[in-house]
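**Q** Those sequence lines, one after another, are chains A and B. The opening position of the first sequence corresponds to residue 249 in my numbering, with each subsequent residue numbered one higher. The opening position of the second sequence corresponds to residue 172 in my numbering, with each subsequent residue numbered one higher. Just so you know, even glycine gets a beta-carbon here, dropped at the ideal spot from N, CA and C. Note that the coordinates shown come from a computational prediction; the quantities given were computed from them, not determined experimentally. Just passing along the structure, written as structure tokens.
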Amino acid sequence: MARNSDLDHARDVRSTFTDRYVHAVTRTIPEKQRDDVAAELRAAIADQLDARVDAGELPESAERAVLEELGDPDRLAAGYADRPLYLIGPRLYLEWKRLLVLLLWIVVPLAAFGIALGQTLAGAGIGEIIASTLGGAISVALHLAFWTTLVFAVIERSDDARASAKAVAWSVDRLPPESPYTGARFVDMMTSIVFLTVAAGALVWDQLLGLVYLEGHWMSFLSPDLWPWWAGGLLVVMAIEAVLQVVVYVNQRWTIPLAVFNAVLNVVVAISAIWLLSQQMLLNPEFWMTVIPEADAENVFGILSVITGFGIAGVAVWDTIDTFLKARRSR
Amino acid sequence: MNDTGEPDAAEPDAAEHGTHLQELRRGTVVLACLRLLADPGYGYGLLEQLQSLGFDTDANTLYPLLRRLEKQGHLTSEWNTDEARPRKFYRTSPEGLRLARALTDDFRAIAAAIGALPEGD
């Protein structure tokens with residue numbers, strides 16, 4: 249034993265390039281094959297070295313040349329261990345990309361929305377809200393990208409998965425639809441107009457008679473002070489929305505100018521509503537104070553206003569983006 | 172091999188056509204190994220044989236390739252310790268010989284198909 253380790257030690261001290269090279273190759277290949285590969289590689293290097301020395305090269309430069317010809321030991325080790333030299337290969341790349349894009353589209357906006365809402369409810373300042381929403385969205389995106397990629401890289405390296413998964417076989421059924429959903433069909437127009445009419449009716453009813461019956465009399469849901477100017481303005485905007493839907497239907501599709509117009513309408517409605525909300529002029533305090541129990545009423549009403557505000561902003565942003573996507577798709 | 176080609180034109184093309192030539196040659200080395208190793212041989216000896224026969228092969232692709240073919244059962248191996256330098260000898264298995272025949276047939280079919288193509292000059 250002692251002698252053996254002495255020998256190892258002596259070899260360590262004047263370890264040759266070849267020893268170091270063989271060690272570098274074999275340290276990352278499975279233990280079972282390690283000795284076998286090392287012995288074979290040593291013999292092969294010695295053979296090549298002999299050939300060069302026989303041809304008149306100096307032993308030292310010949311050794312260097314042989315090893316440099318064999319190249320990066322990690323590359324050679326990957327060849328022996330049959331490991332891919334890429335993170336995600338062509339077989340899985342498309343699935344990886346599709347999943348990642350889908351996840352980013354769904355999770356990042358939801359997370360950003362949630363963080364902004366949470367920060368606002370916690371009473372953070374506007375700067376802090378923007379900073380933590382941006383920071384949160386970026387870190388969520390990074391996490392999604394990292395973990396998705398990690399899972400796919402592991403699948404790429406697992407023998408079972410490599411053998412079984414010949415990727416998901418593609419069939420004609422997976423072709424993107426020939427005429428993409430344009431949002432400009434008759435059904436779309438009618439749905440929008442029916443919805444707008446119902447909403448307008450509810451608004452007028454709420455303002456004139458009250459929508460909820462509580463404690464012996466009818467109460468309005470929205471602040472009664474909105475009548476007539478604010479409520480009237482909203483009715484006008486709703487009428488314009490209805491006309492816009494008809495124009496889109498007649499036009500057969502959303503165009504970028506129509507989408508811009510829709511965005512302007514959304515911005516006008518959302519900003520007015522949120523401003524009214526911040527002035528405590530949108531919701532009817534009388535109704536809410538009745539519904540919410542006692543002591544916490546002020547507080548809960550504040551939270552409710554924030555949530556309503558975020559709801560309004562969220563719907564406006566969603567509708568705007570959705571419309572632009574439809575316009576782009578049906579170009 | 173290249174007796175009819177114009178060497179002057181072929182030389183500068185080599186670099187430019189490198190990846191295509193590489194793609195075309197990939198796989199021929201497997202076929203050559205399976206056929207040559209019907210007589211047992213070891214890594215460096217086989218490398219020299221291949222190079223002298225005109226199969227352009229690098230040591231760092233050949234050695235892992237031999238292991239892969241062995242793992243797939245197309246080659247068998249045995250350590251020869253009779254000489255001063257122990258060497259791992261590979262030999263084509265019956266299954267490897269069947270594969271070699273199939274590859275050779277396919278290669279001939281491809282060569283015939285290419286021969287039937289219009290010259291295009």
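#1: Does residue 264/A have its Cβ less than 8 Å from a Cβ in chain B?
#2: Determine the chain B residues that contact residue 330/A at a beta-carbon separation under 9 Å, and present them in chain order.
#3: Can you find a C-beta in chain A that's less than 8 Å from the C-beta of residue 230/B?
#4: For residue 429/A, does the count of other Cβ atoms within 10 angstroms reach 16, so buried, or fall short, so exposed?
#5: Short of 9 Å Cβ to Cβ, which residues in the stretch 201-225 of chain B face chain A?
#6: Cβ closer than 8 Å: which chain B residues qualify as neighbours of residue 324/A?
#7: Determine contact between the stretch 474-483 of chain A and the stretch 550-558 of chain A, defined as no fewer than three beta-carbon pairs at a distance below 8 Å.
#8: Please tell me whether residue 296/A has its Cβ less than 8 Å away from any Cβ of chain B.
#9: Just to confirm my understanding: we take residue 383/A, look at its own chain, exclude 5 residues before and 5 after, and list those with CB closer than 8 Å. What are they?
#10: Apply the 10 Å Cβ neighbour rule to residue 535/A and answer buried if 16 or more other Cβ atoms are within range, or exposed otherwise.
#11: Excluding sequence positions up to five away, which residues of its chain have a Cβ less than 7 Å from the Cβ of residue 562/A?
#12: Verify the CB distance criterion: does residue 256/B have a CB-CB separation below 8 Å to chain A?
#13: Residues of chain B with CB under 8 Å from residue 291/A, in chain order?
#14: Is it buried or exposed, residue 295/A, if we count other Cβ atoms within 10 angstroms and call 16 or more buried?
#15: List, in chain order, every chain B residue whose beta-carbon is nearer than 8 Å to that of residue 352/A.
#16: Got a sec? Which residues, its chain only, sit under 6 Å from residue 511/A by beta carbon, not counting five neighbours each side?
#17: Go through its chain and collect everything with a Cβ distance to residue 400/A's Cβ below 6 Å, but skip five positions before and after it.
#18: Compile a chain-ordered list of the residues in the stretch 309-324 of chain A whose CB is closer than 8 Å to at least one CB of chain D.
#19: With DSSP collapsed to three states, give me the class of residue 465/A.
**A** This is what the structure holds:
#1: For the purposes of this step, residue 264/A is taken as residue 16 along the first sequence, with counting starting at 1. No, because no Cβ of chain B sits closer than 8 Å to the Cβ of residue 264/A.
#2: As a position in the first sequence, residue 330/A is number 82, starting the count at 1. Simply 235, 238, 239 and 242.
#3: Looking up residue 230/B in the second sequence gives position 59. At least one chain A Cβ lies under 8 Å of residue 230/B.
#4: By 1-based counting over the first sequence, the position of residue 429/A is 181. That one is exposed.
#5: Taking 9 Å as the Cβ-Cβ cut-off against chain A, the residues of the stretch 201-225 of chain B that qualify are 213, 214, 215, 216, 218 and 219.
#6: Indexing the first sequence from 1 puts residue 324/A at position 76. What residue 324/A touches in chain B: 231, 234 and 235.
#7: The stretch 474-483 of chain A is not in contact with the stretch 550-558 of chain A.
#8: Taking the first sequence and counting its residues from 1, one reaches residue 296/A at position 48. Under the Cβ criterion of 8 Å, residue 296/A is counted among the residues facing chain B.
#9: Stepping through the first sequence from its first residue, residue 383/A is reached at position 135. So the list is empty, once near-sequence residues are dropped.
#10: What you label residue 535/A is simply residue 287 of the first sequence in a count that begins at 1. By the neighbour-count rule (16 or more Cβ atoms within 10 Å), residue 535/A is buried.
#11: Mapped onto the first sequence, residue 562/A falls at position 314. Closer than 7 Å at Cβ, skipping near neighbours: 361.
#12: For the purposes of this step, residue 256/B is taken as the residue at position 85 of the second sequence. When Cβ-Cβ separations below 8 Å define contact, residue 256/B makes contact with chain A.
#13: Counting from 1 along the first sequence, the entry for residue 291/A is found at position 43. Within 8 Å Cβ-Cβ: 213, 214, 215, 256, 257, 258 and 259.
#14: Position 47 of the first sequence holds residue 295/A. Buried: at least 16 other Cβ atoms inside 10 Å.
#15: By one-based count along the first sequence, residue 352/A stands at place 104. For residue 352/A, there are no neighbours in chain B by C-beta distance under 8 Å, as the nearest C-beta there is about 34 Å away.
#16: Along the first sequence, one-based indexing puts residue 511/A at 263. Taken in chain order, the residues that qualify are 568.
#17: Translated into the one-based positions of the first sequence, residue 400/A becomes position 152. In the same chain as residue 400/A, and ignoring 5 residues on each side of it, the C-beta atoms closer than 6 Å to its own belong to 336, 340 and 344, in chain order.
#18: The chain labelled as chain D is not found among the protein chains of the depicted structure, namely A and B.
#19: Taking the first residue of the first sequence as position 1, residue 465/A is located at position 217. Here DSSP, grouped into helix, strand and coil, assigns residue 465/A to strand.
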